[in-house]
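Put into structure tokens, the structure is as follows:
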């Protein structure tokens, strides 16, 4: 029976490259001379530290542009709250979305069921598997989901006949 998987994965090497490019640009920019801005990649999060809100916003803009250039969707980055840090600085955590949460999985399944296509969708760990008898129905599901904004970057993998 034909099937495919819906996943939401981010290439961590590309995130690392984007962070390194952001650090390099911050060190070269005139408006950051003498500032103590930091950006660190930890396991599944990026930690930002800046002198003030204005500099933090500039760092976020640089990071987003570098991510987009490296093929990382802005939907894959979940921004935390801006918090005060020591010395009058501000910090922010940016979580990197890996996998589809149960809530998003339920939203995807609801969209598929609403479409009245003859397919079944089920959550498997951090992905959603869609199966159906007709290959065209599966392609219609992919088209449908690409047109919807579910707040998460989706990839369609393991298309099997």
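Numbering (the numbering used here), first residue to last: 374 to 534.
The C-beta atom is built at its ideal place from N, Cα and C for all residues, glycine as well.
Beta-carbon gap between residue i and residue j smaller than 9 Å
i, j, result
"residue 474", "residue 499", "yes"
"residue 432", "residue 452", "no"
"residue 462", "residue 420", "no"
"residue 436", "residue 450", "yes"
"residue 458", "residue 422", "yes"
"residue 513", "residue 490", "yes"
"residue 407", "residue 477", "no"
"residue 399", "residue 405", "yes"
"residue 487", "residue 383", "no"
"residue 374", "residue 479", "no"
Start-to-end residues for the beta strand (DSSP E) that takes in residue i
i, result
"residue 531", "528-533"
"residue 469", "463-469"
"residue 420", "418-423"
"residue 450", "450-452"
"residue 376", "376-380"
Host alpha helix (DSSP H) of residue i (start-end)
i, result
"residue 408", "Per DSSP, residue 408 belongs to no alpha helix (DSSP H) and is neither H nor E."
"residue 426", "426-442"
"residue 401", "385-401"
"residue 505", "Looking at the DSSP string, residue 505 is not in any alpha helix (DSSP H); the run it does join, the beta strand (DSSP E), is 500-505."
"residue 512", "508-520"
Rounded distance between the beta-carbons of residue j and residue i, thought under 8 Å
i, j, result
"residue 543", "residue 482", "Here the chain comprises residues numbered 374 to 534, so residue 543 is not present and cannot be evaluated."
"residue 530", "residue 378", "5 Å"
"residue 376", "residue 533", "5 Å"
"residue 503", "residue 484", "So it is not a contact: roughly 11 Å between Cβ atoms."
Chain D contact for residue i (CB, 9 Å cutoff)
i, result
"residue 517", "Among the chains of the structure shown, chain D does not appear; only one protein chain is present."
Three or more C-beta pairs under 8 Å: does that hold for the segment 433-447 against the segment 386-393?
yes
Are the segment 488-499 and the segment 463-470 touching, with three or more C-beta to C-beta distances below 8 Å?
no
At least three beta-carbon pairs within less than 8 Å, the segment 389-409 to the segment 516-527
no
In chain order, what are the residue ranges of uninterrupted alpha helix (DSSP H) at least 4 long that sit wholly in the segment 473-498?
475-487
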